[in-house]
Amino acid sequence: MDDNDMEMEMGTPPPVTRALEIDIGDQEVITIDLDALDQSTDDVINVLQDARCKVTTWTQLASEYWRRGWLDSAQRIAHAALEFFKSIRDAQSLSSVYLLMAGIQMDSARAAPKMKLESPQLDKLGNETLKEVYLSEATALMNYASGAAKSELFFLTRGIHQLSKHSTINDALVTFEGILQGTPTNIVALHGKARIMYMQRKYREALQLYQRILRLSPNAQPDPRIGIGLCFWQLDDRSKAKKAWERSLELHPNHWVPQLLLGLESLNASKDSQRTEEQRHHAYTVGSKHIERAFHINQKNGATANCLSEYFIRRGEARKALKLAERSIQYADSITILSEGHLRAGRVAHLEGRYDDAITHYTNAKNLPLASIGIAQCHIKRGETAAAIHVLDTLLNGPETQQPKEAMIMLASLRAFERPALSSAELAQDKAKARELLERVKRHTSQANGTKSNGISAVNNRKPAWMNDLEMHVEIGRLWEREDTAKALLAYQDARRISEQSVAGADPRIINNIAVLGHLSGKIAEARALYEEALGILANKWANHENMDGMSTTILYNLARVYEDQDETALAKDAYDKLLGRHPEYVDAKVRLAHMLLASNKPNEAHTILKQAIETQQTNMNLRAYYTHFLTQSNLLQAALKIVHATLNINKNDLYGTVASGWLHYQLGREARPNNEETMRDRRHKLLYAAEFYERALNLDPSCSVAAQGLAILIAEDAIGMMALKPGAGLEDHETRLANTSDALEYFARIREVMADGSVYTNMGHCYYMRDEYERAIESYETGLQKFYNGQNTSVMMCLSRAWYAKATRDQSFVAMKTALHLAQTAQMLSPGDKSIKYNIAVIEQRAAEMVFSLPVSKRTLEELQEALDLATNAQRFLFELSEDTSKGGLPYDKDMASQRHRYLGSLLRKGTEQISQQQEYEKEHHAKLEAARAFRMAEKAAAEAKEKARLEELQREAAALAEERRKAREEAALWAAQHKDDSSDEDKPKRKKKGKAAGDDLFDDDDEAATEPRKEPKEKKERKPRITARKRKGKDAQTGDEGLSSGEDAEKTERPRKRLTKKRVVNDDEEEEVDQRARKKFKTSDLIEDSDEELERIDRIEAERLRLSKAVISDDAGEDANMS
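Counting from 86, one number per residue, gives the positions in the sequence shown under this note's numbering.
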């Protein structure tokens, strides 16, 4: 159906004069103008009774009042008719009246409330009759109309009654189809069937029926244009739908249905993100006015009240919204309207803080996802987070179509929130679920703009609000900060984009978060630029913000950290000083200043700052933790232990303090030297305390890998076992040590799976070192040093040096010892003030010198010896400085041992000159022996070359002789060939003609003669031997002389060309034999030629042998040179 057809079908009907004529007798007729009726019915009833009118007149007049909406007047006429026809006992007419009254009751039910609230706050209905009462009365009246059971009116009334209940829809369809079989143009039946098709979502069939009604009756009521518009809307043709409703409103300005539908269409258009703000505002205004008009026309319709309630909620008029919501609940004619009425009432109670009432209304609308979200929000307001999570979980575990993204976002935010009742494991699990929910939301983002729905309340191309929810993107960023920096950065960038589109502009807090992520990822320059940008925004646009000072403090601190990472210590110090000038209590800035001083080798100044900070904030656990770390790094273990005990007195469950206490007790016990019973007992107590604190830390946090490592170390060293009871036991009980380190390695391997840290590899290296597996120890130390410490950890580097030192001592390898020395020297560059490293360097250099001095002269070189003397000299200098050190406090080495080593190196160096003389003498003698051996080899080589040269010359002479013999043989063969050619020429000269042809001579063919002369009988001749003919061979045979003379047998096998001759020479047998003998003398024999070929092959073999021997000599020379080198 095109637009023109629809316009034609929607055309304005022509005016018709409507009047009812009543014959009252005596040829008198009363005319009642149906268009001029009023609500008074007394006069009309009297006329009908006096005229004793037929039932059709009664029902027609009552229907006219009914059509105008005057149900009471129609009801009075119907009751008068009932009394009249009862008085005359007209059963057939009574049935028609009953059907009329049933129809009026059903129409009254349309405006009646469906239910009454037990305790409505504003919309109190009083004594209003319920819809069900009217329908029950209609049912009873239809039962009375049994006399009209076969009439079309009865079936129409029954169909309409069945249509009023959802349970009898199919029965109504059967009823209407039965009527249409008899009367295909029955408008009421067509209306009923069209409505059923629409309810069954058969929109095209319904559209065709409504269009047919419009063609049959343009003025039909209800207006078929309403149904046409609804069908077009569901078929996604919104423009035609709106056009149909506008035409209906044009024809029926006082009808509330087109007003309501046009209002909903305008409200939906106001939510279309593709429209401008002005267009959306205009659409919202127009829609609101349409709905207000619809409600003023019909105030007893649930759909209209529901829409208007939403309008007042948005305007903040809670009282009006609540009254309309209660009206919507009580007059709802469908489950959808009832649920949305409860939803609106719940929202009003929610806004007013009446959470119990709100939850009650939301629960009655629980089939709507927004109601479940409202319940969750009420639980949150009451502090019942677990209940809110349960409600949202239940919602999201339902059908996928009822899983709103807003609920996912809300549940993710609740799960990410830290609740006191949750353990760390449960909190981690909740955060993982929150990340999963937000990922689901992100996956649906690309589908949000294209989502369409066929419902009237749906919006085409509407962009969901959660896509521009700033807080959601910030929440996503927070959840992914520690798990996936890339995803967190993407979320914060989305949040920044949204904030930049707002009136306030970019949020500096979001820019700061982006900068922090870049800072942690190593993008220092980008992070610095972002920090500076955030500070600039704060100074300009956010200067009057209530939290401006807090934000600027945080961002300035982060900027100072960037300065530190860029080694711009002056800028960093200025930034920290500026922070402390604003906030002297800012502990983090003091800690960073102290850390910078410590890195600048100014421990005393750093200590002063930390002591001042700890005095002002004694309960700051982070400050106490860093102070403990500072003291341990400064090797002030007793002072650190006191701080840790004070920390545990403040909070006995402080995990860092507990672990630190275990570590300090272990270090103190390990350094204690068990020289007597008392010190042994003290050492054991300290190690037992260490184990107890580590165990307590694991009870506080079972996943504390540091405590687990501490216990593994105690096991590896058997620190609390039998080996710890006596000094040196760890070296004596080798089997126990191997067993303990094996167990410890298993624990370290498990710890390595859950904690990626260099300390794990370092401890594994310690275990391998204790097992004398130095190669594996070196591998573990190097992995930890390069992978986790970037080659900058002094302690691990010294452990690696120790492993190389042990390996060099075991293998007596000077190269490995130099590797150990290089590592120690690198560690000294990292910590130039560490005297223990200096002492270790001296020990390594001493041991290297001893190793080279102890080697026999044949296994060392003069360069190595000189290098060892230099190392010993440097070690003597270091040891002298260390032995003369007068620094206050304990030294990390034994001064007496340093002095002894210094004296020992003096005696070792005094032997240096003698060692060098011995080495020089040895190397001189060794060099002379090498030269003599090289000269002897060269002489042998020269003699061998001369001998080989003579042999090759002899071979060359033999080859030349053979070549000469071959040349002569070829010349003789050529001479014979020339002689044979001359003989052949003589034989070809013409001979004297014979008279006949010898019988049996078949060398020539005489066919030509036989053709020209008569055949004669041949004469008998003397039988001769076959003629022997010598021919010159061509090609290779002629050149090499493989075949000299052919016999008669060979001649027969070799077919020669036959010539036609007129004459043939006759040769005697004796002549033939003579010729044969001469021919044989002119040819070389085949034996001579074969001998020549053998000689050539022999020459080739000699030449090949000469070349092979020449190559062998060259190879021998190269091998000798290699041996000499």
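Idealized CB from N, CA, C, for every residue including glycine.
Check, Outcome
"For A104, the three-state DSSP class (helix, strand or coil)", "strand"
"Expected contact under 8 Å - CB spacing of Q190 and A223 to nearest Å", "4 Å"
"DSSP-derived helix/strand/coil call for T116", "strand"
"Cβ separation of I595 and S584, assumed to be a contact under 8 Å, to the nearest whole Å", "6 Å"
"Other residues of its chain near C316: CB distance less than 6 Å, five sequence neighbours each side excluded", "Y288, A291 and L292"
"CA nearest to the CA of E935, picked from Y924, P917, T958 and M914", "T958"
"For I1001, three-class secondary structure by DSSP", "helix"
"The stretch 202-219 in contact with the stretch 250-260 per 3-pair CB rule at 8 Å", "no"
"Alpha-carbon spacing of R404 relative to A274, whole angstroms", "43 Å"
"DSSP state of I109 mapped onto helix, strand, coil", "strand"
"Within 8 Å, strictly: CB atoms of A443 and I422", "no"
"Endpoints, alpha helix (DSSP H) assigned at C789", "Counting along the chain, C789 falls outside any alpha helix (DSSP H), and DSSP gives it neither H nor E."
"8 Å CB neighbourhood of L207 in its chain, flanking five on each side removed", "R404, L407, K408 and E411"
"Where the alpha helix (DSSP H) through C884 begins and ends", "T879 to D896"
"Unbroken alpha helix (DSSP H) run spanning H692, endpoints", "P688 to T701"
"Same chain only: Cβ atoms within 6 Å of S302, ignoring 5 sequence neighbours per side", "I272"
"Residue interval of the alpha helix (DSSP H) (run including D127)", "D127 to D135"
"Proximal residues to A891 (C-beta, below 6 Å), its chain only, five neighbours per side dropped", "Y859"
"Start-to-end residues for the alpha helix (DSSP H) that takes in Y283", "I272 to M284"
"Buried versus exposed call for K1079 [16 or more other C-beta atoms within 10 Å across all chains shown]", "With a pLDDT of only 41 at K1079, under 50, the local geometry of the prediction cannot be trusted, and the value read off the model is given with reservation. K1079 comes out exposed."
"The stretch 978-996 / the stretch 956-970 touching (three or more Cβ pairs under 8 Å)", "yes"
"Cut-off 8 Å between Cβ atoms - residues of its own chain near V928, not counting five sequence neighbours on either side", "A960 and R986"
"Beta strand (DSSP E) segments (min. 3 residues) lying fully within the stretch 451-523", "none"
"Spatial distance of E1039 from A1058 (CA atoms)", "29 Å"
"A809 burial status per 10 Å Cβ neighbour count (16 or more: buried)", "Any reading at A809 must be qualified, since the residue scores a pLDDT of 46, below 50, and its modelled position is unreliable; the value itself is stated next. Buried is the call here."
"Which of helix, strand or coil DSSP assigns to M765", "helix"
"Closest Cα partner of K696 within the set S685, N686, Y711 and A684", "Y711"
"Cβ distance (whole Å) where Y616 is taken to contact N597 below 8 Å", "7 Å"
"For L716 and E48, the rounded distance between their alpha carbons", "This structure leaves residue 48 out entirely; the chain is present only between 86 and 1210."
"Same chain, Cβ closer than 6 Å to I1257, five either side skipped, listed in chain order", "Look at the range of the chain in this structure, 86 to 1210, and you will see that residue 1257 is not part of it."
"From A1020, D652, Q871 and I376, residue whose alpha carbon lies closest to that of Y45", "The structure shown does not extend to residue 45, since the chain spans only 86 to 1210, so no value can be given for it."
"Those runs of the alpha helix (DSSP H) which lie wholly inside the stretch 141-182 and span at least 4 residues", "156-172"
"CB of I398 within 8 Å of CB of R432, strictly", "yes"
"A42 (DSSP reduced to helix, strand or coil)", "In the structure displayed, the chain extends from 86 to 1210; residue 42 sits before or after that span and is not available."
"Beta carbon of A279 nearer than 8 Å to that of L299", "no"
"From N353, A329 and A354, residue whose alpha carbon lies closest to that of V342", "A329"
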